[in-house]
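Residue numbers (our numbering), protein chains in the order written: chain A, 19 to 280; chain B, 3 to 47; chain C, 203 to 263.
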């Protein structure tokens, strides 16, 4: 297995993963979506709400706000020593109280744990008009995307096979250069050159337009261009590590089960 | 049970025997139930 | 209110709403979205096609 990073920022990662099967690449993708634990608001205690949104809408909006926190400091409520009753090591409380007229943003929430805060403070929660009032206490818990998409750590994760473009006998007619939707082919002197092979969408338009059958588009079945993003609750590199760790952990559990079976 | 008249905004007790659903102060027939003063627990999903 | 996340991919799009709303007064919405880093068409339609109903509902509260 080999990893070649193309792009890595706080919220986005793009890399070439080679020497693995398609099922492993897919396992990694699924793991980023469903298995990485993050904090999200789970329960909302509404003391007062005279805004235009009704209580359930307000609660849903709060739940979808990504919370930036060190998830390792928290336990799953069902695995916590308190037995799911709720204690400082399995839940965080965030309070929000505001009176109109103003637009309430995610940054207006006050957390009991200074390490837990909304990833984007500019998310509008509700617009309050004159005399509107919102007083809520939100309880955030740890969870995974398997349970609800608000706990989904990775968004828009995907992969494609590494494209391979072979250019043979060419009369430099330039038709393929024109037809390529990703503009990755370039005419250089008396030959066609591929500039950004990773950008190729494997559409095979160049192959079809070539009168000489000089271009061959194929893909490497054991090499993948993987992309995923996070909504800010963890960094992209943490997400990749956590997702791979989760696969490893579950594979270990499978081995244990198989051993007990004999 | 206390309701609120949507026209005169006064708190209204409904008298079922006498007039049915009607505000005794202004005669308006639309009454709304006010939000109860207890904490409501909602699941964020 | 603008939905917090994109319905299709789950990316948070509402964080750029205030800036988007302000900038489309003078600029081209497509260019603003490019500039704000809203790449995918699923996320772009969330902002482009949003209709704010708060002002319409507020008098009936």
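Here a beta-carbon is modelled for each residue, glycine too, at the ideal position from N, C-alpha and C.
Less than 8 Å between the C-beta atoms of residue i and residue j, yes or no?
{"i": "residue 142 of chain A", "j": "residue 204 of chain C", "result": "yes"}
{"i": "residue 113 of chain A", "j": "residue 74 of chain A", "result": "no"}
{"i": "residue 120 of chain A", "j": "residue 68 of chain A", "result": "no"}
{"i": "residue 265 of chain A", "j": "residue 45 of chain A", "result": "yes"}
{"i": "residue 133 of chain A", "j": "residue 87 of chain A", "result": "yes"}
{"i": "residue 189 of chain A", "j": "residue 214 of chain C", "result": "no"}
{"i": "residue 66 of chain A", "j": "residue 153 of chain A", "result": "yes"}
{"i": "residue 158 of chain A", "j": "residue 210 of chain A", "result": "no"}
{"i": "residue 79 of chain A", "j": "residue 218 of chain C", "result": "no"}
{"i": "residue 183 of chain A", "j": "residue 195 of chain A", "result": "no"}
{"i": "residue 84 of chain A", "j": "residue 160 of chain A", "result": "no"}
{"i": "residue 39 of chain A", "j": "residue 240 of chain A", "result": "yes"}
{"i": "residue 125 of chain A", "j": "residue 140 of chain A", "result": "yes"}
What span of residues does the beta strand (DSSP E) with residue i cover, start to end?
{"i": "residue 65 of chain A", "result": "56-67"}
{"i": "residue 246 of chain A", "result": "233-248"}
{"i": "residue 32 of chain A", "result": "30-36"}
{"i": "residue 231 of chain C", "result": "Counting along the chain, residue 231 of chain C falls outside any beta strand (DSSP E), though it belongs to the alpha helix (DSSP H) covering 231-238."}
{"i": "residue 197 of chain A", "result": "First-last for residue 197 of chain A: 193-197, but that is the alpha helix (DSSP H), not the beta strand (DSSP E)."}
{"i": "residue 180 of chain A", "result": "172-185"}
{"i": "residue 22 of chain A", "result": "20-26"}
{"i": "residue 7 of chain B", "result": "4-7"}
{"i": "residue 205 of chain A", "result": "203-206"}
Which bits of chain B does residue i rub up against, with CB to CB less than 9 Å?
{"i": "residue 63 of chain A", "result": "41, 42, 43, 44"}
{"i": "residue 96 of chain A", "result": "Those within 9 Å of residue 96 of chain A in chain B number zero; the least Cβ separation is about 16 Å."}
{"i": "residue 77 of chain A", "result": "44, 45, 46, 47"}
{"i": "residue 60 of chain A", "result": "45, 46, 47"}
Can you tell me where the alpha helix (DSSP H) with residue i in it begins and where it stops?
{"i": "residue 259 of chain A", "result": "254-279"}
{"i": "residue 42 of chain A", "result": "40-52"}
{"i": "residue 81 of chain A", "result": "73-82"}
{"i": "residue 220 of chain C", "result": "219-225"}
{"i": "residue 227 of chain A", "result": "223-227"}
Classify residue i as buried or exposed, calling it buried when 16 or more other Cβ atoms lie within 10 Å of its own Cβ.
{"i": "residue 259 of chain C", "result": "exposed"}
{"i": "residue 92 of chain A", "result": "buried"}
{"i": "residue 11 of chain B", "result": "exposed"}
{"i": "residue 251 of chain A", "result": "buried"}
{"i": "residue 3 of chain B", "result": "exposed"}
{"i": "residue 103 of chain A", "result": "exposed"}
{"i": "residue 23 of chain B", "result": "exposed"}
{"i": "residue 198 of chain A", "result": "buried"}
{"i": "residue 128 of chain A", "result": "exposed"}
{"i": "residue 216 of chain C", "result": "buried"}
{"i": "residue 19 of chain A", "result": "exposed"}
{"i": "residue 249 of chain A", "result": "buried"}
{"i": "residue 47 of chain A", "result": "buried"}
Taking residue i as the query, report the chain A residues whose CB atoms sit under 9 Å from its CB, ordered along the chain.
{"i": "residue 220 of chain C", "result": "121, 123, 140, 142"}
Along chain C, which residues have their Cβ under 9 Å away from the Cβ of residue i?
{"i": "residue 167 of chain A", "result": "207, 212"}
{"i": "residue 277 of chain A", "result": "The premise fails here: residue 277 of chain A is roughly 38 Å from chain C at the closest Cβ pair, so nothing lies under 9 Å."}
Quick one: residues in its chain with C-beta nearer than 7 Å to the C-beta of residue i, no 5 flanking neighbours on either side, listed in chain order?
{"i": "residue 221 of chain C", "result": "238"}
{"i": "residue 52 of chain A", "result": "162, 163, 164"}
If the cut is a Cβ gap below 7 Å, which residues of chain A does residue i touch?
{"i": "residue 256 of chain C", "result": "70, 145"}
{"i": "residue 242 of chain C", "result": "174"}
{"i": "residue 259 of chain C", "result": "70"}
Within a Cβ cutoff of 6 Å, which residues of the same chain sit near residue i, ignoring the five residues on either side of it in sequence?
{"i": "residue 193 of chain A", "result": "227"}
Closer than 8 Å by beta-carbon distance: list the chain B residues that pair up with residue i, in chain order.
{"i": "residue 80 of chain A", "result": "46"}
Which bits of chain C does residue i rub up against, with CB to CB less than 8 Å?
{"i": "residue 24 of chain A", "result": "Neighbours of residue 24 of chain A on chain C: none; closest Cβ ~15 Å, over 8 Å."}
Take residue i and list the residues in its own chain whose beta-carbon comes closer than 8 Å to its own, dropping the five residues that flank it on each side.
{"i": "residue 14 of chain B", "result": "4, 5, 6, 7, 25, 26, 27, 33"}
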